[in-house]
Amino acid sequence: QKEVEQDPGPLSVPEGAIVSLNCTYSNSAFQYFMWYRQYSRKGPELLMYTYSSGNKEDGRFTAQVDKSSKYISLFIRDSQPSDSATYLCAMGARFSGNTPLVFGKGTRLSVIA
Amino acid sequence: DVKVTQSSRYLVKRTGEKVFLECVQDMDHENMFWYRQDPGLGLRLIYFSYDVKMKEKGDIPEGYSVSREKKERFSLILESASTNQTSMYLCASGQGAKGYTFGSGTRLTVV
Chain A
6 QKEVEQDPGP
16 LSVPEGAIVS
26 LNCTYSNSAF
36 QYFMWYRQYS
46 RKGPELLMYT
56 YSSGNKEDGR
66 FTAQVDKSSK
76 YISLFIRDSQ
86 PSDSATYLCA
96 MGARFSGNTP
106 LVFGKGTRLS
116 VIA
Chain B
714 DVKVTQSSRY
724 LVKRTGEKVF
734 LECVQDMDHE
744 NMFWYRQDPG
754 LGLRLIYFSY
764 DVKMKEKGDI
774 PEGYSVSREK
784 KERFSLILES
794 ASTNQTSMYL
804 CASGQGAKGY
814 TFGSGTRLTV
824 V
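As structure tokens, this is what we get:
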């Protein structure tokens, strides 16, 4: 079983739709969770960061963590064509020293005008 | 904002050439990373470094080496480039708990 699983998509939605992107993980030591957005031919940029369980909201974006189910989600409200990108989840364990983050493979999202 | 700068956006090299990819960060981060990204395979960690002159192998170190002589600079070296090393190479720096900052990437083509 891979440490982090992420559906690669592609996911295509109409403008204005609510988008749900998800990752599952197997390592119960993971405590901080991130979402990155990557536009075509660019490097990933950090979009959202959450620690432990719960929700975090930033504008149209909401990150949700359910540690009991080992499941994280990113919701995008009122999706726009400019949200078309690949979204990668990443996670790490607290007090893990220099152990690198573990990334999902990314979900490609297209928002159609 | 943290900046991670990669020296080249696009490179074309010949098989067998020695290739240097340079990365510089300006936020005094101890940790720096080199990834390659290929369609369907996601980000794969090649090497990382948590201090000057220190290096650790990632998941796919074969055919690569790295150099970290100064804290802000982390170089990836392809000793003898091969066509299967054609890829997007991404450098990153940062601490795990606060996320990484990535460079814009270098698209390397080996012919």
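If you're matching them up, the sequences are chains A and B in order. Those letters in the first sequence? Residues 6 to 118, by our numbering. Those letters in the second sequence? Residues 714 to 824, by our numbering. The beta carbon of each residue, even a glycine, is placed where N, CA and C say it ideally should be. Quick caveat, the model's predicted, so the values are computed rather than measured.
Check whether chain B comes within 8 Å of residue i, counting only Cβ atoms and requiring the distance to be less than that.
| i | result |
| --- | --- |
| A/Phe35 | no |
| A/Phe108 | yes |
| A/Tyr92 | no |
| A/Tyr54 | yes |
| A/Lys7 | no |
| A/Gly64 | no |
| A/Lys72 | no |
| A/Asn103 | yes |
| A/Gly59 | no |
| A/Gly14 | no |
| A/Leu51 | yes |
Could you check whether the Cβ of residue i sits closer than 8 Å to any Cβ belonging to chain A?
| i | result |
| --- | --- |
| B/Tyr802 | no |
| B/Ser817 | yes |
| B/Tyr760 | no |
| B/Tyr777 | no |
| B/Phe825 | A query on residue 825 of chain B cannot be resolved here, the shown segment of chain B reaching from 714 to 824 and no further. |
| B/Leu789 | no |
| B/Ala810 | yes |
| B/Gly729 | no |
Please classify residue i: does DSSP put it in a helix, a strand, or coil?
| i | result |
| --- | --- |
| B/Asn797 | helix |
| A/Ser87 | helix |
| A/Lys61 | strand |
| B/Lys766 | coil |
| B/Lys726 | strand |
| B/Lys811 | helix |
| B/Ser780 | strand |
| B/Met740 | coil |
| A/Pro19 | strand |
| A/Asp12 | coil |
| A/Ala34 | coil |
Write down the C-beta distance between residue i and residue j rounded to the nearest angstrom, noting that I regard them as a contact closer than 8 Å.
| i | j | result |
| --- | --- | --- |
| B/Phe761 | B/Met745 | 7 Å |
| B/Arg722 | B/Ser788 | Rounded, the Cβ-Cβ distance is 17 Å, inconsistent with contact. |
| A/Asp83 | A/Gly21 | 6 Å |
| B/Ser806 | B/Ile790 | Incorrect: roughly 18 Å between the Cβ atoms, too far for contact. |
| B/Tyr813 | A/Leu106 | 7 Å |
Using 8 Å as the cut-off, can you tell me whether the segment 764-781 of chain B makes contact with the segment 107-114 of chain A, which would need three or more C-beta pairs spanning the two stretches below that distance? Three or more Cβ pairs closer than 8 Å define a contact, and the segment 764-781 of chain B falls short of that threshold against the segment 107-114 of chain A.
Would you say the segment 35-45 of chain A touches the segment 91-108 of chain A, given that touching needs at least three Cβ pairs under 8 Å? Enough Cβ pairs lie closer than 8 Å, so yes.
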